[in-house]
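Residue numbers (our numbering), protein chains in the order written: chain A, 1 to 211; chain B, 212 to 422; chain C, 423 to 633. Shown next, in C-alpha cells, is the structure this report addresses.
Right, here's the structure in full:
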C-alpha cells in the first residue's frame, strides 16, 4: 500500500536545494548565452528552478505555492544567479560539476513531485507523471523562454530515469519495503540511471530511425 | 436560458476520445519530425491532447483535473503515440484521415469546454472563449514546445469554427431549442465549418493585406 | 505595517485599462508582423493583455479570474485589436504613443499585482515578485507564442522599474506613509523610471560583458 512516507525530510530538503541551485545555474548560463541582462538571467533561473513545482502545485490545487511560504527558494536562486553572473568566466570549470548536481536535482525533484502527488490521493500513474513533471517542466520552460528546442526531449535519458525511479518505488512498496528505504532507493536509482546515461552516452532511440 | 445540458454523454465522451487520439497523432508526428526521442514524443502528444483541458480546468478552478480521475486519457495517448512511432513510415497514408479526426476533436473539445464553463456559471462570452481555449491551447503548446510558429494562428479556420458553433448554441438556446438537439447542432456546425474550410481552402484574411 | 490599501480605485481601474489597451496594441502589432489572421491577432492581444494577471490569479488561487467577472477586459481588447488591424497602415504614427501608454500599463499592472498579492497575506518579497509577474508575463507569453526571444529580458529597464516601485512602497509604508499617497508614489516611480530609461536609453548591463 502506498502511504505514510516517513523520511529524513531534512535530507530531502537539502537535496532539493542542491537541485534548485543546479537549475539556477543552468538557467543563468543559458540566459547569459542569449545575452539577457541581470534581471533577465535571474528570471530565467527562477523559471528553471521553481517552474516545475509551481505548475505541479497549480495542477494539484496546492496553495499557497511552495516557494511562497519558504523564501529560501527565491533567495537561494537569486544569490546563485548573481554569483554566477559575476564569475561567468569560470563557466568552463563548472560544466562537469553542473551535470552532477543536476542529476541530484532530477532525483530530488522527482521524489518530491511523486510524494506530493501521492499525498493528494491521485492514482500511482498520475503520481509517476507528477514526478516527471516536477523534474522536467522547469527546464522545458527555460528552453521555451530562451527560444530553444528543448534538449531533454531530444536525446537525454531524463524522463526515463525519473520514471524508472518511481516505478521501482511502486514495485518495492507493493512488496512491503518500508518507506524510508524505498525513498532512498528511488533517489539512488534516478541519480544512478542519469549518471550512467551521461557516462556511457545512453539515449532513448528516436524510433523513426529504426525504419 | 442556458442550463441543464442533457446529452448522450457517452457519444460526447467517444468523440472526445477521437479528438484525443487525433491530437496525440498530431503531436507525435511533429515531435518525430523534430527528432525527439520516444519519451519526448509521448510528452508532446500529451501536451497536445490534454494541455487545453488542463489549463481550462486550472483557470476555472476545477480539481482534480479531468485526466487525473480518468486514466483512459493518459493510456490512450501513450498507446497511440507508441503505435504511431513504430509505424511512422505509414505517415503519408494517415495525413488525410488525421484532418478528419482532428475536426471531430475540434468539435468535441469545443462543446466540452463550452459546457464545462457554463456549468461553472460564467457569462456566455467567457463560455465561448473557454470552448476555443479547450480546442486550441493544446496545439498551441505543442507548437511552442517544438519551437514552431503556431500554424493555427496563421491561416486556419479553427478558432472561427469553434466560435461559430458556440454562438449558434447560444442563439438557438435563446430561441428555446432543447439542449440535446442544440448540442448536436453545435457539434455538427463546428465539424462542418472546419471540413468545408479545409475542402475549399477558406481562411480568415490577415487584414494587413487589405490596405 | 502593510495593510488597508485605500485608493481611488477608479483611477487605478482606468490606468489598468490604459495598460490593457497598450498591451492589446503591442500584441496585435507583433501578430500582424508575423502574418497572423484576424482571430490569431485577437488571441495574441488577449494573451498579452490578460496573460500576466491570469497566471497571477491562478498562482494565488483567486477564482474566478478577474476577466471572468468583468467582461470589459475581453471587450476592450477585442475592439482595440480589431480597430488596429483595420488601421494598421497608421502604425508608424502610434509607435511613440505606444511606449507612453505601455509605461502607464507597466505601472498600473505592477501596483495591481502587488496589491492583490499583499491582500492574500503573502510575504513582501513575494508581493514584489507578483507585481513584476503581473506586469511582464503577458509580454513574455506574447513573445513565446510568436516565437521571438523575449525583448524585455534582453535590454529593457522593465523588471527593474517594477521592483523599484514596489520596494519604494514597502520602505515608505514602513516609515508610516499613508496608503493613498504611497500608492500614487509607486505608480509615479515605476512610470518615471520606465520613461527615463526609454529617453536616456538606460539598460541593465549583461554582466558577462564586464569580464
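Using N, Cα and C, we set each Cβ at its ideal position, and we do this for glycine too. All figures in this text were calculated on a predicted structure; none of them were measured in a lab.
For residue i, I'd like the list of residues in its chain whose CB is within less than 6 Å of its CB, leaving aside the five on either flank, ordered along the chain.
i                      : result
residue 235 of chain B : 256, 260, 288, 291 and 292
residue 156 of chain B : Here chain B comprises residues numbered 212 to 422, so residue 156 of chain B is not present and cannot be evaluated.
residue 170 of chain A : 124
residue 216 of chain B : Only weak support is given to the placement of residue 216 of chain B: the predicted model assigns it a pLDDT of 48, under 50, and the value that follows is read from those uncertain coordinates. Around residue 216 of chain B: 326 and 390.
residue 223 of chain B : none
residue 609 of chain C : 529 and 533
residue 549 of chain C : 536, 539 and 540
residue 275 of chain B : none
residue 245 of chain B : 357
residue 2 of chain A   : Per-residue confidence for residue 2 of chain A stands at a pLDDT of 45, beneath the threshold of 50, marking its modelled position as unreliable; the derived number appears in the next sentence. Taken in chain order, the residues that qualify are 118 and 173.
residue 352 of chain B : 258 and 262
residue 622 of chain C : none
Looking only at its chain, what residues have a beta carbon closer than 7 Å to the beta carbon of residue i, apart from the 5 residues adjacent to it on each side?
i                      : result
residue 324 of chain B : 267, 341, 342, 344, 345 and 346
residue 519 of chain C : none
residue 463 of chain C : 450, 453, 454, 503 and 507
residue 458 of chain C : 466
residue 172 of chain A : 182 and 185
residue 611 of chain C : 586, 587 and 590
residue 492 of chain C : none
residue 38 of chain A  : 85
residue 263 of chain B : 320, 344, 345, 346, 347, 348 and 349
residue 210 of chain A : Confidence in residue 210 of chain A is poor, its pLDDT being 42 and thus under 50, which makes the residue's placement too unreliable to answer from.
residue 584 of chain C : 528, 532, 553, 554, 557 and 612
Within its chain, find whatever has a CB closer than 8 Å to the CB of residue i; leave out the 5 residues flanking it on each side and keep chain order.
i                      : result
residue 229 of chain B : 312, 315, 316 and 319
residue 367 of chain B : 408 and 414
residue 221 of chain B : none
residue 284 of chain B : 231, 260, 261, 277 and 278
residue 544 of chain C : 482 and 552
residue 233 of chain B : 309, 312, 313, 315 and 316
Mind listing which residues of the region 36-48 of chain A have their C-beta closer than 9 Å to chain C's C-betas, in chain order?
36, 37, 38, 39, 40, 41, 42, 43, 44 and 46
Members of the region 131-147 of chain A that neighbour chain C once the beta carbon cut-off is set at 8 Å:
144, 145, 146 and 147
Members of the region 261-275 of chain B that neighbour chain C once the beta carbon cut-off is set at 8 Å
So the list reads 269, 270, 271 and 272, given in the order they occur along the chain.
At a cut of 8 Å, does the region 309-319 of chain B reach the region 399-416 of chain B through at least three beta carbon pairs?
yes
Every unbroken alpha helix (DSSP H) inside the region 535-590 of chain C [4 residues or more]
DSSP runs (the alpha helix (DSSP H)) wholly in the region 535-590 of chain C: 546-567.
If you scan the region 28-100 of chain A from start to end, which runs of the alpha helix (DSSP H) of 4 or more residues do you find wholly inside it?
38-59, 66-69 and 72-86
Residues in the region 377-401 of chain B with C-beta within 8 Å of chain C's C-beta atoms, listed in sequence order?
Of all residues in the region 377-401 of chain B, none places a beta-carbon less than 8 Å from a beta-carbon of chain C.
To be precise: take each residue of the region 311-338 of chain B, compare its Cβ to all Cβ atoms of chain C, and keep it if any distance is under 7 Å. Which residues remain?
333, 334, 336 and 337
Across the region 566-573 of chain C and the region 355-368 of chain B, are there enough close Cβ pairs to call them in contact, namely three or more that are closer than 8 Å?
As far as the Cβ criterion goes, the region 566-573 of chain C touches the region 355-368 of chain B, which means the pair count is three or higher.
So within the region 380-416 of chain B, which uninterrupted alpha helix (DSSP H) runs reach at least 4 residues, ignoring any that extend past its ends?
List check, alpha helix (DSSP H) in window: 390-410.
What residues in the region 8-34 of chain A bring their beta carbon closer than 7 Å to a beta carbon of chain B?
Those would be none; no residue qualifies.
Residues of the region 360-372 of chain B with a CB closer than 7 Å to any CB of chain C: list them in chain order, please.
360, 361, 364, 365, 366, 370 and 371
What are the residues in the region 401-413 of chain B lying within 9 Å of chain A by C-beta distance?
Under the 9 Å Cβ criterion, the region 401-413 of chain B contributes no residue.
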